[in-house]
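In order, the protein sequence lines correspond to chains E, S, H and D.
Position 26 of the first sequence, counted from 1, bears residue number 26 in my numbering, the numbering being contiguous throughout.
Position 165 of the second sequence, counted from 1, bears residue number 165 in my numbering, the numbering being contiguous throughout.
Position 100 of the third sequence, counted from 1, bears residue number 100 in my numbering, the numbering being contiguous throughout.
Position 174 of the fourth sequence, counted from 1, bears residue number 174 in my numbering, the numbering being contiguous throughout.
Reviewing the structure listed below.
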Amino acid sequence: MKKNKVISVKEAVDMIHDGMTIMIGGFLGCKNPTKLIDAMVEKGVKDLTLIANDTSFPDIGIGKLIVNKQVKKLIASHIGTNKETGNQMNAGELEVELVPQGTLAERIRAGGAGLGGILTPTGIGTVVQEGKTIINVDGKDYLLEKPLRAEIALIVGSVVDKSGNIKYKKATRNFNPLMATAADIVIVEADEIVEVGEIDPDDVMTPGLFVDYIVSGR
Amino acid sequence: MKKNKVISVKEAVDMIHDGMTIMIGGFLGCKNPTKLIDAMVEKGVKDLTLIANDTSFPDIGIGKLIVNKQVKKLIASHIGTNKETGNQMNAGELEVELVPQGTLAERIRAGGAGLGGILTPTGIGTVVQEGKTIINVDGKDYLLEKPLRAEIALIVGSVVDKSGNIKYKKATRNFNPLMATAADIVIVEADEIVEVGEIDPDDVMTPGLFVDYIVSGR
Amino acid sequence: MEKNMDKEFIAKRVAKELKDGDVVNLGIGLPTLVANYIPEGVEITLHSENGFVGIGPAPKEGEEDPYLVNAGGQYVTIKPGGAFFDSAFSFLIVRGGHVDVTVLGALEVDEEGNLANWMVPGKMVPGMGGAMDLVTGAKKVIVAMNHTAKGAPKILKKCRLPLTAVKCVNLIITEMGVIEVTDKGLVLKEIAPGLTVEDVQNATEAQLIISDDLKVMEV
Amino acid sequence: MEKNMDKEFIAKRVAKELKDGDVVNLGIGLPTLVANYIPEGVEITLHSENGFVGIGPAPKEGEEDPYLVNAGGQYVTIKPGGAFFDSAFSFLIVRGGHVDVTVLGALEVDEEGNLANWMVPGKMVPGMGGAMDLVTGAKKVIVAMNHTAKGAPKILKKCRLPLTAVKCVNLIITEMGVIEVTDKGLVLKEIAPGLTVEDVQNATEAQLIISDDLKVMEV
């Protein structure tokens, strides 16, 4: 682990290129990594495959990437709060894979945990099962859901030490700790950056070994 | 949720009967729920199926249940620190299912999470794969490992509020938060019992909804 | 009854289904209102699928916390004894059967307890969010909705819209009555004051079985 | 060399394989010694499979903390910047490829990189603990062991004991040399001072490929 992983937003966004698969943390705009997203919008990086819980609202966080047509494929559980997502999907401009929220979380976790997949009852008998393997375990049917990984994960952290240890506050945790485990490069946008040792080891929710770079969200 | 779940060790052990499947938290004797175990030894409850990481040492925690021949079947990852376990296994008195530690953790988690199983590369090409389904996902083989559940989980918590919210300290977390999700009845032996509201919601590692009863470990 | 009065009536009746100690997830819209009518002496724990239990009342104006929203993105509070967690753990709670009751709306429900509430092909495709997991995992699934939509029945012989899950609904509560999903079909157990069984059946495509012990809905 | 000197020699050579920033898991026994010889300027993070990263030195007498043991059950400390977690997360780290190097002992290793280190049927069956996950998940697997056991080779054409995992070993470091597992077989890359290639081959059942660039082992 590098001892100080803090870089500028520009350095971070220089790593993001057209066509990449990117995970972005947050839930309905609640603490998306907005500085990083704004810089992505400014850079105009395009043809992204985006993995996120939702597409927020048109003018907030992730929503801007959709409105600005930078996303080619979206994997999410909910798009209802951003009409533009539905419009682009219906117009055939945006490919959308809708995934049940619990399955999305578990697929990302599997990607981070080196699992080949998980068996879930969610989606059995619905359109979600289309094209998927059904496996019967002890008399009950489950869908085999495959792991998800990304080239880059952009997450947020409430308190982040310079080695990348993260503490999330309140409802900002959501998908962030999962995405931190499931990408080749993990960049955290920190509300507050502190020295190594300032976070109690019991309070660390994402150990620094998962984090490659830190940018200040201030 | 009951508002005050605190009961006596005797009331707790009254719920444990011959032949039950029991999970016990802890790692090599580090914070096994020793008061509950000692009471089980005293009660002499037998023919148990025990799910635990290990069988500790002969005179510590879980180890005593083995020495006292109260366990009929054991599911664990490691038995090397308690010679009596190996002796009973070799003598055909104790059935032992050895499970890789990461697989054991994940199987218990799957039991708590309503998953039908997980696919792991661990154990492929070894005796662990005997009798199990191998599933190929995108060109790589994985073992289908099934969920584990118990009738009762006996766990430890460092700080427990009266509604059952648990904070674990340091290395005492291990299997406890997983087992808390995967049993019909969950009893936590608490180092310290506090009032509801005294644990910061960010610090709760096992929400009280998983905990049925609390006994004092003091 | 007017729409808003209907909603209040339905929410009040749903609230009576909740037992002391229940862990409950309330869907967006009408189901959220249920929290306002929890009976005296009953304490429930509300689960918010974005990552916590212990949803409290809305914050006072000016006291909104950007770190603390519910699954609908609205500012909320957390009660003492609540707990935060990540999305995987949130759905471990849901899928693992640790939610006692989930209350949600429906576009269609049918005789087998199949539920459709997440999309209308070509029109509305908001995504299933956490709904599929909730109705698959919760111990009891209560559909709380208006009995009909623009006069058309929503309780059908067989759902026509894409399903949220199969055979998942336990109870249907509308402004007209309370219907239990059983192996034999839909059993009308309670009927709203002033209505006849024929009124309810006429507003229902599925064949209703009338309970021997049919009661008047009280809220 | 004597046994204890061998151990020290092996541990020192293993330590040279570790790079600044590596996340490392050291098995019980000889591998644990590696922590004592980390080169100047190299900072590694030690993973303890019972649930934390950042293992520090043993505590002073009287300062042992019953809440803080390593995976061998011994009292340890945690360094600033360390983190605690549960067993599922601990093995998410392991299985998910987030451990850069794992160092562990072996009963047998073979030409394909197969490893046997967890049981001798009918004799020793301690269980695999975390070993199967570690050798399956870690990016680099280093076997650190004595070259022979009571004179009998441990580096075989084909393992005879039950395997820990197939084709998992990357590097074998013994008191006699450093051997890399490649697609073509076992390549002897370094040889201990004073030994000949024949000495090493005679103590090895598997056929060794001698590196064009064979070096003398330095610690």
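In this text, a Cβ means the ideal position worked out from N, Cα and C, and glycines have one as well.
What you are looking at is a predicted structure, and each value in this text was computed from that prediction instead of being measured.
Quick one: complete alpha helix (DSSP H) runs, 4+ long, within the region 132-197 of chain E?
176-179
Kindly provide the ranges of any alpha helix (DSSP H) runs that are 4 or more residues long and lie completely inside the region 26-88 of chain S, ordered along the chain.
Fully enclosed alpha helix (DSSP H) runs of 4 or longer: 34-43, 62-67.
Cβ-Cβ distance between residue 159 (chain E) and residue 167 (chain E) below 9 angstroms
yes
Under 8 angstroms between beta-carbons, which chain S residues line up against residue 120 (chain E)? List them in chain order, please.
Within 8 angstroms Cβ-Cβ: 114, 115, 116.
Of all the options D:193, D:35, D:7, D:166, which has the alpha carbon lying nearest to the alpha carbon of residue 58 (chain D)?
D:35
Classification of residue 74 (chain D) by the beta-carbon crowding that lies within 10 angstroms, buried from 16 upward
exposed
For residue 190 (chain H), which residues of its own chain have a beta-carbon under 6 angstroms away from its beta-carbon, when the five flanking residues on both sides are left out?
177, 178, 215, 217
Pair every Cβ in the region 6-24 of chain D with every Cβ in the region 143-159 of chain D, then say whether three or more of these pairs are closer than 8 angstroms.
yes
Taking the alpha carbon of residue 217 (chain S) as the reference point, which residue from S:175, S:209, S:154, S:204 has its own alpha carbon closest?
The residue with the shortest Cα to Cα distance from residue 217 (chain S) is S:154.
Excluding the five sequence neighbours on either side, which residues of its own chain have a C-beta within less than 7 angstroms of the C-beta of residue 153 (chain D), listed in chain order?
203, 204, 205
For residue 54 (chain E), which residues from the same chain have a beta carbon less than 6 angstroms from its beta carbon, with the 5 sequence-adjacent residues on both sides left out?
28, 76, 78
By the DSSP assignment, the alpha helix (DSSP H) with residue 31 (chain D) in it spans what residues?
30-33
Could you pull the start and end residues of the beta strand (DSSP E) that residue 216 (chain E) belongs to?
213-216
In the DSSP assignment, find the alpha helix (DSSP H) that holds residue 103 (chain E) and state where it starts and stops.
101-113
Would DSSP call residue 1 (chain H) helix, strand or coil?
Low confidence applies here, because residue 1 (chain H) scores a pLDDT of 48, under 50, leaving its location unreliable; read the following figure in that light. Residue state, collapsed to three classes: coil.
To the nearest angstrom, report how far apart residue 212 (chain H) and residue 137 (chain H) are at their CA atoms.
31 angstroms
Looking only at its chain, what residues have a beta carbon closer than 7 angstroms to the beta carbon of residue 17 (chain S), apart from the 5 residues adjacent to it on each side?
45
Tell me the start and end of each unbroken beta strand (DSSP E) in the region 172-207 of chain H that is at least 3 residues and wholly inside, in chain order.
Whole beta strand (DSSP E) segments, 3+ residues: 177-182, 185-191.
Closer than 9 angstroms, CB to CB, is residue 165 (chain D) near chain E or not?
No, its Cβ sits nowhere closer than 9 angstroms to a Cβ of chain E.
Counting only Cβ-Cβ distances shorter than 7 angstroms, please list the residues of the region 123-139 of chain D near chain S, keeping chain order.
125, 126, 127, 128, 129, 130, 132, 133, 136
Measure from the alpha carbon of residue 37 (chain D) to the alpha carbon of each residue in D:114, D:17, D:64, then state which is nearest.
D:17
Would the region 199-211 of chain E count as touching the region 101-116 of chain H if we require 3 or more Cβ pairs under 8 angstroms?
no
Cross-strand partners of residue 9 (chain D) (DSSP beta bridge):
In the DSSP assignment, residue 9 (chain D) forms no beta bridge with any residue.
Exposed or buried, which one is residue 96 (chain E) when buried takes at least 16 other CB atoms within 10 Å?
With a 10 Å radius around the Cβ and a threshold of 16 neighbouring Cβ atoms, residue 96 (chain E) comes out buried.
When you compare each of E:33, E:20, E:68, E:127 to residue 61 (chain E) by their alpha carbons, which one comes out closest?
The shortest C-alpha to C-alpha distance from residue 61 (chain E) to any of E:33, E:20, E:68, E:127 is the one to E:33.
Residue ranges of each beta strand (DSSP E) run of no fewer than 3 residues wholly in the region 25-100 of chain D, ordered along the chain?
45-48, 52-56, 77-84
Could you check where the beta strand (DSSP E) with residue 13 (chain S) kicks off and where it finishes?
From DSSP, residue 13 (chain S) is part of no beta strand (DSSP E) but of the alpha helix (DSSP H) over 9-13.
To the nearest angstrom, report how far apart residue 9 (chain E) and residue 38 (chain E) are at their CA atoms.
10 angstroms
Residue 110 (chain H) bridges to which residues according to DSSP?
H:156
Taking all protein chains shown into account, do 16 or more other C-beta atoms lie within 10 angstroms of the C-beta of residue 171 (chain S), making it buried, or fewer, making it exposed?
Counting every other CB atom within 10 Å of its CB across the protein chains shown gives residue 171 (chain S) a total of 16 or more, marking it as buried.
Would residue 94 (chain D) and residue 102 (chain S) qualify as a contact pair, given that the criterion is a beta-carbon distance under 9 angstroms?
yes
Residue 135 (chain E) CB to nearest chain S CB: under 9 angstroms?
yes
Since I believe residue 174 (chain S) is in contact with residue 127 (chain D) (beta carbons under 8 angstroms), could you give me their beta-carbon distance rounded to a whole number of angstroms?
No, residue 127 (chain D) and residue 174 (chain S) are not in contact; Cβ-Cβ is about 16 angstroms, not under 8 angstroms.
Where residue 148 (chain H) sits in the DSSP three-state scheme:
strand
Taking the CB atoms as reference points, tell me whether residue 21 (chain H) and residue 45 (chain H) lie closer together than 9 angstroms.
yes
Any heavy atom of the ligand FMN inside 8 angstroms of the beta-carbon of residue 68 (chain D)?
This structure simply doesn't include the ligand FMN, nor any ligand for that matter.
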